[in-house]
Amino acid sequence: MTETVEFEPRILGFLCNWCSYAGADLAGVSRFQYPPTLRVIRVMCSGRVDPAFVLRAFSRGIDGVMILGCHPGDCHYATGNYYARNRVKVLKRLLELAGVNPDRLVLDWVSAGEGKRFATLVHDFTERIKALGPFGLAQDREELQERLAAARRVVESEQIRWLVGREREMIEGGDVYGQAVSQETFDALLESSVVAEYLRSRLLLLTAGRPLSVREMASEVGMAPRLVLPHVVALEQAGLIAMVGIEGNSPKYRS
Ligand code: FES
Numbered sequence: 012m013t014e015t016v017e018f019e020p021r022i023l024g025f026l027c028n029w030c031s032y033a034g035a036d037l038a039g040v041s042r043f044q045y046p047p048t049l050r051v052i053r054v055m056c057s058g059r060v061d062p063a064f065v066l067r068a069f070s071r072g073i074d075g076v077m078i079l080g081c082h083p084g085d086c087h088y089a090t091g092n093y094y095a096r097n098r099v100k101v102l103k104r105l106l107e108l109a110g111v112n113p114d115r116l117v118l119d120w121v122s123a124g125e126g127k128r129f130a131t132l133v134h135d136f137t138e139r140i141k142a143l144g145p146f147g148l149a150q151d152r153e154e155l156q157e158r159l160a161a162a163r164r165v166v167e168s169e170q171i172r173w174l175v176g177r178e179r180e181m182i183e184g185g186d187v188y189g190q191a192v193s194q195e196t197f198d199a200l201l202e203s204s205v206v207a208e209y210l211r212s213r214l215l216l217l218t219a220g221r222p223l224s225v226r227e228m229a230s231e232v233g234m235a236p237r238l239v240l241p242h243v244v245a246l247e248q249a250g251l252i253a254m255v256g257i258e259g260n261s262p263k264y265r266s
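Under this note's numbering, the first residue of the sequence shown is numbered 12, with each subsequent residue one higher.
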């Protein structure tokens, strides 16, 4: 008789020192039950969690990531959790683009007095990850790693870091010309920048190994060549990709 082993998710939790970590402590002291699925990393603030940490965790096979911070308005550094929220928004979009269910990442708030809430959040998130199953099991590991690497390049790019860091300023104080920017306009700008950066990062990674034509790149990323071409041109103009030969009628590019 075959015995089925129940899937025990491996979850990484970034806990803010001032609220959530103390909340976790209280959960322990109060003996609130929660599953032993969480590996904790204590950070000084949820705003300290670099998006690259989260993507690296997924690359290494973690099934889910929790970022827990102080409630809005209670951050010890005033706006750290505000930045965490913006970063998580970008991260979830990138996970989606990389073919990873964004529900594998959660951002929530736990105060030092909320031991019970901490235990409930860990329990509920564990159940969610159990329902989603082990990360990357059904996917091609190599391709998944490449997609996550592309996402990591995006969160490390100056442009996206700058944009995410300026959201509040641009909405409340206006853009570089002092023009007020609505939330919708900002979100649309962020979305188009993230999508373009992600695609360009993938093209750079794909052409790092071997020269590819636009048609071949398009087939690798599952898009029409006419949609990929402007990005190849932009990368060529930026000096990040270069034509290294012609096969038939097709120029081949390499990064
Ligand atoms: Fe807790 Fe900033 S100090 S979220």
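For glycine and all other residues, C-beta sits at the position ideal for the given N, C-alpha and C.
Residue nearest to residue i in terms of C-alpha spacing, selected from the options
i	options	result
Pro47	Ala68, Leu23 and Asn28	Leu23
Asp198	Met228, Val101, Tyr94 and Met77	Val101
Thr218	Arg265, Val239 and Glu202	Arg265
Ala249	Arg211, Leu223, Ala191 and Arg226	Arg211
Leu132	Gln44, Glu227, Met254 and Val243	Gln44
Arg98	Val111, Leu118 and Pro83	Leu118
Arg71	Arg21, Gly34 and Met77	Arg21
Ser224	Glu195, Pro262 and Leu240	Pro262
Val111	Asp135, Gly75 and Gly84	Gly75
Pro83	Met228, Cys56, Arg237 and Ser193	Cys56
Residue i, buried or exposed, once every other Cβ within 10 Å from all chains shown has been counted against 16
i	result
Ala235	exposed
Asn92	buried
Glu125	buried
Gly58	buried
Ser31	buried
Gly176	exposed
Val244	exposed
Pro62	buried
Which of helix, strand or coil DSSP assigns to residue i
i	result
Ile140	helix
Ile252	coil
Gly233	coil
Val60	coil
Phe146	coil
Residues bridged to residue i (per DSSP)
i	result
Trp120	Gly80
Pro262	Ile257
Arg71	Its beta-bridge partners do not exist; DSSP assigns none.
Residues proximal to ligand 1 by C-beta, any heavy atom closer than 6 Å: Cβ-based neighbours of ligand 1 within the cut-off: Cys27, Trp29, Cys30, Cys56, Ser57, Gly58, Gly80, Cys81, Cys86, His87, Tyr88, Gly91 and Asn92.
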